[in-house]
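Numbering (our numbering), first residue to last: 108 to 197.
For glycine and all other residues, C-beta sits at the position ideal for the given N, C-alpha and C.
Treat the numbers as computed from the prediction; the structure is a model and nothing was measured.
A short worksheet on the structure shown next.
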């Protein structure tokens, strides 16, 4: 996972944020395709906590206009659960 973490940091765009998931597809001939998803909620087997999303937003801030609705809802859930809050997502 270290290489994807480094790639994620390198691809960060101030104001618009960072991608949540990346899909790397490699075919038998060695060709590949990479897709980055900046907006959809990740479909991980283990669901991330609201606090994990808040921490991610702290490291990779986005303007409020670029925070997807699902993420805004997660952050509100975290507020209700007492998770650390990011100051109005910059």
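Comparing C-alpha positions only, which one of the options sits nearest to residue i?
i: residue 111; options: 161, 123 and 127; result: 127
i: residue 181; options: 166, 170 and 149; result: 149
i: residue 170; options: 123, 115 and 113; result: 123
i: residue 151; options: 129, 161 and 158; result: 129
i: residue 145; options: 178, 162, 109 and 157; result: 178
Mapping DSSP to helix, strand and coil, what is residue i?
i: residue 195; result: Unreliable placement is indicated for residue 195, whose pLDDT of 46 sits below 50; the coordinate value is still reported in the next sentence. Three-state DSSP puts residue 195 in a helix.
i: residue 118; result: helix
i: residue 113; result: helix
Would residue i count as contacting chain D if we go by Cβ distances under 8 Å?
i: residue 177; result: You won't find chain D in this structure, because it holds only one protein chain.
Within the same chain, show all residues whose beta-carbon is closer than 7 Å to that of residue i, passing over the 5 residues directly before and after it, in chain order.
i: residue 134; result: none
i: residue 131; result: 139 and 141
To the nearest angstrom, report how far apart residue i and residue j are at their CA atoms.
i: residue 184; j: residue 136; result: 45 Å
i: residue 73; j: residue 147; result: With the chain represented from 108 up to 197, any question about residue 73 goes unanswered, as that position is not in the structure.
Please work out which residues of its chain come closer than 8 Å, Cβ to Cβ, to residue i, disregarding the five sequence neighbours upstream and downstream, and give them in chain order.
i: residue 84; result: As shown, the chain starts at 108 and ends at 197. That puts residue 84 outside it, with no answer to give.
Sufficient close CB pairs (3 or more, under 8 Å) joining the segment 172-183 to the segment 129-141: Taking a cut-off of 8 Å on C-beta distances, the segment 172-183 does not touch the segment 129-141, as fewer than three cross pairs fall below it.
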